[in-house]
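Engineer:
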Amino acid sequence: MRRVALPVIGAPLSLSGRYAPFGSAIADGLATWQQLEPGARLVIEDDASEPDGLARAVRRLAGRCDLLLGPYSTRLMRAAASLAAAGDRVLWNHGGAGDDVQALAPGHVVSTLTPASRYAEPFLAPLAHDRRPLWIAAGSGAFSRQVSEGAAARAGQPVVRVRHEELAAREPPGPDWVLLTSGTFEEDVATVRWARGLAHPPGTLCAVAAGIRRFADHVPDPAGILGVAQW
């Protein structure tokens, strides 16, 4: 039986710049898949964590690949959606979870991610009848805002929304409370460290960043901290 050639898969990923730790992790995952799938062909271009770099990477990949994956980050995926529409291409979105991204460029973007506004659903579902106060710490940017707003809308208990930079000046609600943090990786790490250093740390703690492997390199003894797996 004749073996069917596998499609060439291309991915613009952040191998340098601010998103490099995350883009590199995705590249490692794709390389692992390639090893498990004989004949798989994979082409990765560095987008340097910037829209201009992304545009160059997509141009280099477009003529060489049968299937095009999107970049890491909601910010870059917004730019990628525009590029896909302009070039009449289909882009598989695995790295930009912002709600707005999933509605961009109809017919040109296929999203595999849970939207950001629903990130907290599995965390909140077991707490539906929990009356402990829930603090939601949000960072800057649309992604963080979408996660925090979605969580607040779905919460069944009293909610206090606070920005990461305000936490140090706020008094925690008492001996038993719940905390969800949804900022950048650095903001989530700082918030978890702050919360664990309190006289009365939260009884239940969830950080979006805890779903990333390198979280354990920055937070000592992360056991018990809940994370988000959006795929």
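Quick note, the sequence shown lines up with residues 1019 to 1249 if you use our numbering.
Note that beta-carbon positions come from the ideal geometry of N, C-alpha and C, so glycine has one too.
The structure presented is a predicted model; accordingly, all values stated were derived computationally and were not measured.
Which same chain residues end up closer than 6 Å to residue 1029 when comparing Cβ atoms and leaving out the 5 residues on each side of it in sequence?
Structural biologist: Spatial neighbours of residue 1029 in its own chain (CB-CB distance under 6 Å, excluding positions within 5 residues in sequence) are listed in chain order as 1062 and 1087.
Engineer: Have a look at residue 1189 and residue 1223 and give me their C-alpha separation to the nearest angstrom.
Structural biologist: 17 Å
Engineer: Given a cut-off of 7 Å, decide if residue 1228 and residue 1199 are closer than it, judged by their beta-carbon atoms.
Structural biologist: no
Engineer: Would you report the Cα separation of residue 1175 and residue 1154, rounded to the nearest angstrom?
Structural biologist: 12 Å
Engineer: Under the assumption that residue 1042 contacts residue 1067 (Cβ atoms under 8 Å), give the Cβ distance between them as a whole number of angstroms.
Structural biologist: So it is not a contact: roughly 11 Å between Cβ atoms.
Engineer: State the DSSP-derived secondary structure class of residue 1202, mapped to helix, strand or coil.
Structural biologist: coil
Engineer: Short check: CB of residue 1083 to CB of residue 1026, under 7 Å?
Structural biologist: It is a contact, given that the beta carbons lie within the stated cut-off.
Engineer: In whole angstroms, give me the CA-to-CA distance for residue 1150 and residue 1163.
Structural biologist: 22 Å
Engineer: Please confirm whether residue 1173 and residue 1142 have their CB atoms less than 7 Å apart.
Structural biologist: Judged by beta-carbon spacing, residue 1142 lies within the 7 Å limit of residue 1173, meaning their Cβ atoms are closer than that value.
Engineer: How would you label residue 1051, buried or exposed, when you count the other beta carbons within 10 angstroms and need 16 or more for buried?
Structural biologist: exposed
Engineer: I'd like to know if the region 1204 to 1216 and the region 1236 to 1248 are in contact, where contact means that at least 3 CB-CB pairs between them fall below 8 Å.
Structural biologist: yes
Engineer: Which residues in the same chain as residue 1201 place their Cβ atom closer than 6 Å to its Cβ, once the five residues preceding and following it in sequence are excluded?
Structural biologist: 1157, 1162 and 1182
Engineer: Taking the Cβ atom as the reference point for each residue, do residue 1134 and residue 1114 lie within a distance shorter than 7 Å?
Structural biologist: Cβ atoms of residue 1134 and residue 1114: not closer than 7 Å.
Engineer: Roughly how many whole angstroms lie between the Cα atoms of residue 1104 and residue 1080?
Structural biologist: 12 Å
Engineer: Please name the residue in 1186, 1180, 1099 and 1024 whose C-alpha comes closest to that of residue 1121.
Structural biologist: 1099
Engineer: I'd like to know whether the C-beta atoms of residue 1069 and residue 1045 end up nearer to each other than 7 Å.
Structural biologist: no
Engineer: Grab the span of the beta strand (DSSP E) containing residue 1156 for me, first residue to last.
Structural biologist: 1152 to 1156
Engineer: Counting along the chain, where does the alpha helix (DSSP H) carrying residue 1166 start and finish?
Structural biologist: 1160 to 1172
Engineer: The alpha helix (DSSP H) with residue 1092 in it runs from where to where?
Structural biologist: 1092 to 1104
Engineer: Rank 1072, 1187 and 1169 by C-alpha distance to the C-alpha of residue 1196 and give the top, closest one.
Structural biologist: Looking at the Cα atoms, 1169 is the closest of the given residues.
Engineer: Roughly how many angstroms lie between the CA atoms of residue 1091 and residue 1040, to the nearest whole one?
Structural biologist: 9 Å
Engineer: Using only alpha-carbon positions, find the residue among 1110, 1136 and 1137 that is nearest to residue 1124.
Structural biologist: 1110
Engineer: Quick check on DSSP: helix, strand or coil for residue 1222?
Structural biologist: strand
Engineer: Report the residue from 1203, 1177 and 1204 whose alpha carbon sits nearest the alpha carbon of residue 1191.
Structural biologist: 1177
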